[in-house]
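Structure first, commentary second.
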Amino acid sequence: MYGNEEKKIDEVRQGEALLLDDAVVNSESRKLYLESYGCAMNFADSEIVASILKDKGYSTTRNVEEADVIFINTCSIRDNAEVAARNKLKQFNVLKKNNPELVIGVLGCMAERLKSKFLEEERLVDIVAGPDSYRSLPELIGQVESGQKAVNVLLSREETYAEIAPVRMQSNGITAFISIMRGCDNMCSFCVVPFTRGRERSRDPFTIVKEAQDLHQQGYKEVTLLGQNVDSYRWSANPELRGKELKEAEGDDIVNFAKLLEMVALVSPDLRVRFSTSHPKDITDDVLFMIKKYNNICNYIHLPIQSGNTRILEKMNRTYTREWYINKVNRIREIIPDCGITTDVIAGFCSETEEEHQDTVNLIKWAQFDMAYMYYYSERPGTLAEKKYEDDVPEETKKKRLQEIIEAQHNSQRESIKKCLNQTYDVLIEGVSKKSENELMGRNSQSHVVVFPRGNHKPGDYVKVKITECTRATLMGVVVE
Ligand code: SAM
Ligand code: SF4
Ligand code: F3S
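Going by the numbering used here, the first residue of the sequence shown is number 3, and it counts up by one from there.
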């Protein structure tokens, strides 16, 4: 895992485990232990799973030894994410020696990718459940208890879990994710997501607004709207409209992403709204002007570039060029001058030359991203790239290029963060700083981490902080009235 040192709950997180909050533990009921890996959408799904099982009398535990059911919600995005999940499953299987009744299930993208192979080849699990099958988990557990193995990896064109109220896990009570869509229709050639998550579908906007209202009433101060490509969010009350027809339909009853942003922003001026991820080919001026219009829509866009070279972008099937991306960044900064922009980069994609790699390095220097998640290419079975292109950049070269990309990004970050010095920002306090009990941490609208002396302030408060010092990834300052 590279580039994830600045851990952000509102960002894609890879290979990091999250345990269910034990706040809902009840010693009477059957106990569920759930561990999650992968992106924010997977973490949001785990909250749906917890909700579905809570309705069936399950409570959650952080102690795996006392679990009746263990679920691991997995990621397939890179090979190392799958290796981590397998190792975990092996560890969990040891527990079966003392507890033969223990049910172990694999959920999420790896379950979808490997399907029943998981049962045939690995014998590590009793249940294999893909991302669209979570409503059937209680039945799948029942099936295992009656002596069978259970698999449900059907992908759906409709499932959005729209009306299920997620059980908020490891919540700080201040920030929360809201899934607004599922799946992806983009088919970037390196990416396994379209195969593990299925076709893109958007969730009913009124259930999204209701979830934001409920969170606001519970005291939450920030929501992050999640989708693999939020700019293609599109919903109509007419269930007949789907796919291409829905994309082309116009009219007052069509809700696009800009409109959805506005609907959520209007829940309360006190509730911040963020979103992730934007696709450079799809983000519109309407979205940018909506960010500008509402103070509570954060000035922050995660805009993955993947490569700075047009030939490689074409091979990646990203459907934009280097120039298109540069124009997008310029347009964002023209409309929202202080917008935080972050990105994702892949080093060493199939056939990438040294010169093409340097195009990426140069673009990183030019763009002055506030943060980047940086990876080297990992070939994924079944993807377009695996079928069409040779994974021919040697691993050593991939790692060397990644290192150069990281260096370029860190140097540029060190410089660009200095523009924040002496500025005053509205900061939403999220908690106590990791380094000192006497300091609090929060974020400004641009999503920079801001640390400052505690004073009489508390998590959930908004404060104005004047920045006096900075490191590469953190701003330090003092509260001003
Ligand atoms: N939907 C988002 C987008 O279009 O950028 C993010 C998708 S993915 C969950 C998060 C990131 O993982 C991608 O932006 C990409 O940088 C990286 N990624 C995806 N497939 C990869 C692969 N095969 N090897 C290395 N990195 C990969
Ligand atoms: Fe993967 Fe591309 Fe879809 Fe993102 S937009 S999830 S990178 S296929
Ligand atoms: Fe997310 Fe990993 Fe699946 S990044 S969509 S959990 S492959």
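For glycine and all other residues, C-beta sits at the position ideal for the given N, C-alpha and C. Nothing here was measured: the structure is a model prediction, and the numbers come from that model.
Take CYS186 as the anchor and find which of LYS437, MET265, VAL232 has the nearest alpha-carbon.
One-based indexing of the sequence shown puts residue 186 at position 184. Among LYS437, MET265, VAL232, the Cα nearest to that of CYS186 belongs to VAL232.
Just the residues with CB closer than 6 angstroms to a heavy atom of the ligand FAD, in chain order, which are they?
Looking at this structure, you won't find the ligand FAD anywhere; what it does contain is the ligand SAM, the ligand SF4 and the ligand F3S.
At a cut-off of 8 angstroms, is ALA83 close to the ligand F3S when judged by its beta-carbon and the heavy atoms of the ligand?
Here residue 83 corresponds to residue number 81 of the sequence shown, with the count starting at 1. ALA83 Cβ: within cutoff of the ligand F3S.
Using a Cβ-based criterion (distance less than 8 angstroms to any ligand heavy atom), does ASN188 qualify as near the ligand F3S?
Translated into the one-based positions of the sequence shown, residue 188 becomes position 186. No - the ligand F3S has no heavy atom lying nearer than 8 angstroms to the Cβ of ASN188.
Is any heavy atom of the ligand F3S found at a distance shorter than 8 angstroms from the C-beta of THR286?
To locate residue 286, count along the sequence shown from 1; it is residue 284. For the ligand F3S, not one heavy atom lies less than 8 angstroms from the Cβ of THR286.
Compare the C-alpha of ARG2 against each of SER173, ALA251, GLY350, LEU273 and name the closest.
With the chain running from 3 to 483 in the structure shown, residue 2 is simply not present.
Closer than 8 angstroms: TYR39 CB and nearest the ligand F3S heavy atom:
Taking the sequence shown and counting its residues from 1, the one referred to as residue 39 is at position 37. Under cutoff, so the answer is yes.
Distance cutoff 9 angstroms, beta carbons only. Does GLU250 sit that close to anything in chain B?
Looking for chain B here will not work: only one protein chain is present.
What three-state label does DSSP hand LYS420 in the structure shown?
Position 418 of the sequence shown, counting from 1, holds the residue named residue 420. LYS420: helix per DSSP, three-state reduction.
From which residue to which residue does the beta strand (DSSP E) around PRO455 run?
For the purposes of this step, residue 455 is identified with residue 453 of the sequence shown, where counting begins at 1. From DSSP, the beta strand (DSSP E) with PRO455 extends over 451-455.
Alpha helix (DSSP H) containing SER48: first to last residue?
Locating residue 48 in the sequence shown gives position 46, where the first residue counts as 1. Taken as a continuous stretch (DSSP letters only), the alpha helix (DSSP H) holding SER48 covers 42-56.
Residue range of the unbroken alpha helix (DSSP H) whose run includes GLU224:
Sequence index remark: in the sequence shown, residue 224 carries index 222 (1-based). Counting along the chain, GLU224 falls outside any alpha helix (DSSP H), though it belongs to the beta strand (DSSP E) covering 224-228.
I'd like to confirm something about GLY110: is its beta-carbon nearer than 8 angstroms to some heavy atom of the ligand F3S, or not?
Here residue 110 corresponds to residue number 108 of the sequence shown, with the count starting at 1. It does: the Cβ of GLY110 is within 8 angstroms (strictly closer) of some heavy atom of the ligand F3S.
Label SER344 either buried or exposed according to how many other C-beta atoms from any shown protein chain fall within 10 Å of its C-beta, with 16 as the threshold for buried.
Residue numbering aside, residue 344 sits at position 342 when the sequence shown is read from its first letter. Here residue 344 is Thr; the residue named in the question, Ser, does not match the sequence. It counts as buried.
Three-state class that DSSP yields for LYS10 in the structure shown
Position 8 of the sequence shown holds residue 10. Note that LYS10 scores 32 on pLDDT, short of 50, meaning its location in the model is unreliable and no value can be drawn from it.
Could you tell me how far apart the beta carbons of ASN75 and LEU36 are, in whole angstroms, since I believe they sit closer than 8 angstroms?
By 1-based counting over the sequence shown, the position of residue 75 is 73. By 1-based counting over the sequence shown, the position of residue 36 is 34. The pair is a contact, with the Cβ atoms about 7 angstroms apart (cut-off 8 angstroms).
Work out the CA separation of SER191 and ARG474 for me, nearest whole Å.
Translated into the one-based positions of the sequence shown, residue 474 becomes position 472. Translated into the one-based positions of the sequence shown, residue 191 becomes position 189. So the alpha carbons of these two residues sit roughly 33 angstroms apart.
Pick out the complete beta strand (DSSP E) segments inside the segment 336-388, 3 residues or longer, and give them in chain order.
342-349, 373-378
Using only alpha-carbon positions, find the residue among ALA374, ALA164, SER181, ARG80 that is nearest to CYS111.
Residue 111 sits at position 109 when you count from the first residue of the sequence shown. Looking at the Cα atoms, ARG80 is the closest of the given residues.
Alpha helix (DSSP H) containing ILE143: first to last residue?
Along the sequence shown, read from residue 1 onward, the residue named residue 143 stands at position 141. Start and end: 139-147.
Mind checking whether the beta-carbon of MET171 lies closer than 8 angstroms to any heavy atom of the ligand F3S?
One-based indexing of the sequence shown puts residue 171 at position 169. The answer is no for MET171.
Measure the C-alpha to C-alpha separation of LYS99 and VAL108 and round it to an integer number of angstroms.
Walking along the sequence shown from the start, residue 99 turns up at place 97. Walking along the sequence shown from the start, residue 108 turns up at place 106. Roughly 19 angstroms between the two C-alpha positions.
Classification of ASN258 by the beta-carbon crowding that lies within 10 angstroms, buried from 16 upward:
Walking along the sequence shown from the start, residue 258 turns up at place 256. Burial call: buried.
Close-in-space but distant-in-sequence residues of the same chain around ALA19 (CB under 6 angstroms, 5 per side omitted):
Here residue 19 refers to the residue found at position 17 of the sequence shown. For ALA19, the predicted model reports a pLDDT of 42, less than 50, meaning its position is unreliable; a value from the coordinates is still stated below. Closer than 6 angstroms at the Cβ level, and outside the excluded window around ALA19, lie GLU37.
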